[in-house]
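Following: one structure in structure tokens, then a few remarks.
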Amino acid sequence: MGTASDIKLIDENNIRLDGRGPDELRPIKIETNVLNRADGSSFIEWGGNKIMVAVYGPREAYPKHNQDINKAIVKARYNMAAFSVDERKRPGPDRRSVEISKVVSEALEAAIMVELFPRAQIDVFIEVLQADAGTRIAGLTAASVAVAAAGIPMRDMVVGCTAGKVGNKIVLDLSKEEDNFGQADLPMGILPKSDRVVLMQMDGDLSVEEFEQATSMIMKATKRIAQIQREALTKKYEIQQKEQGE
Ligand code: ADP
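Under this note's numbering, the first residue of the sequence shown is numbered 1, with each subsequent residue one higher.
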């Protein structure tokens, strides 16, 4: 979080730099079954983010000493392509990608019926092709769709969304400028049917009231994002049914 007092991120009429109001999301588009070899896949465009997800499994966990006799292990791997940001990102895992992989794995595990697949492993590859702030929550949202598209039984979908504080105001779904120069960023992962929180991280400071305002903004947006996920999945089944009928 930088500070740049000369950058006005939100004006007196509550209009943000990209023209959005405080509780508006950036445009979101999700497609499923974009990769032939994966068991499930998805591609999400969320604002300027472009992220591809491939899911493999459930398959026998390897090496065997990693196996859990009670459930499948969910292994998400978040990676940012070297060309995904303005200045070339050094390829390979770094502290940030290891952290995001861990929190996304845990969020997905809360939704997947892992107890049905003892000794198995579910691999979720999240490849960020173009990054524009909010990649972890966009990646999580797309990953959940790819897991469902793979036919893996789930209790619920997982929806990711952020809220944050810019110009002393709480706003939804931070843009890159807002992420860089804002005062706080709160990414969350939610199971939309139960409103259960499965991911929560925070950068910057929020008062208790601001935190409550931010979480309630996220909860409302979660329902809209879950609808986009459902539409992406139903489209896939419509296409499958058409192919079977032909
Ligand atoms: P998130 O993408 O989930 O918001 P961060 O808050 O850590 O995660 O990152 C915010 C944004 O900063 C990213 O979406 C990306 O646009 C940019 N960014 C992150 N890591 C790098 C990096 N190594 N090099 C350049 N830009 C980066």
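Backbone N, C-alpha and C define an ideal beta-carbon position, used for all residues, glycine too.
query	result
Roughly how many whole angstroms lie between the Cα atoms of residue 225 and residue 159?	7 Å
Alpha carbons only, please: which of 208, 129 and 44 is nearest the one belonging to residue 231?	44
Identify which residue in 240, 42 and 229 has its Cα closest to the Cα of residue 129.	42
I need the DSSP call for residue 79, collapsed to helix, strand or coil.	strand
Comparing alpha-carbon positions, which option in 61, 176 and 76 lies nearest residue 69?	61
Of all the beta strand (DSSP E) runs that stay within the bounds of the segment 164-213, which reach a length of 3 or more residues?	169-172, 184-191 and 196-200
To test your reading of the DSSP string, which unbroken beta strand (DSSP E) runs of 3 or more residues are found completely within the segment 92-154?	120-130
Cα-Cα, which of 100, 171, 127 and 242 is closest to residue 85?	127
Compare the beta carbon distance of residue 170 and residue 200 with 8 Å and say whether it is the shorter of the two.	no
Comparing alpha-carbon positions, which option in 134, 56, 25 and 110 lies nearest residue 125?	56
What's the gap between the Cα of residue 75 and the Cα of residue 66?	11 Å
If you run the structure through DSSP and keep just helix, strand and coil, what is residue 89?	coil
I'd like the list of long-range same chain contacts for residue 223, defined as Cβ closer than 8 Å, with 5 residues on each side in sequence excluded.	192
Which whole-angstrom value describes the C-beta separation of residue 177 and residue 164, a residue pair presumed to lie in contact below a C-beta threshold of 8 Å?	Not a contact, Cβ separation roughly 12 Å.
Would the beta-carbon of residue 51 fall within 8 Å of that of residue 134?	no
What is the rounded straight-line gap between the Cα of residue 172 and the Cα of residue 131?	18 Å
Could you check which residue in 83, 17, 21 and 12 has the C-alpha nearest to that of residue 49?	83
Name the residue from 242, 9, 190 and 149 whose alpha carbon lies nearest to the alpha carbon of residue 220.	190
Check whether the Cβ atoms of residue 7 and residue 181 lie closer than 8 Å to each other.	yes
Take residue 109 and list the residues in its own chain whose beta-carbon comes closer than 6 Å to its own, dropping the five residues that flank it on each side.	74
Taking 8 Å as the threshold (C-beta atoms), are residue 17 and residue 314 in contact?	No statement about residue 314 is possible, as the shown extent of the chain runs from 1 to 246 and does not include it.
Below 8 Å on the Cβ atoms is my guess for residue 113 versus residue 153; work out the distance and round it to an integer in Å.	4 Å
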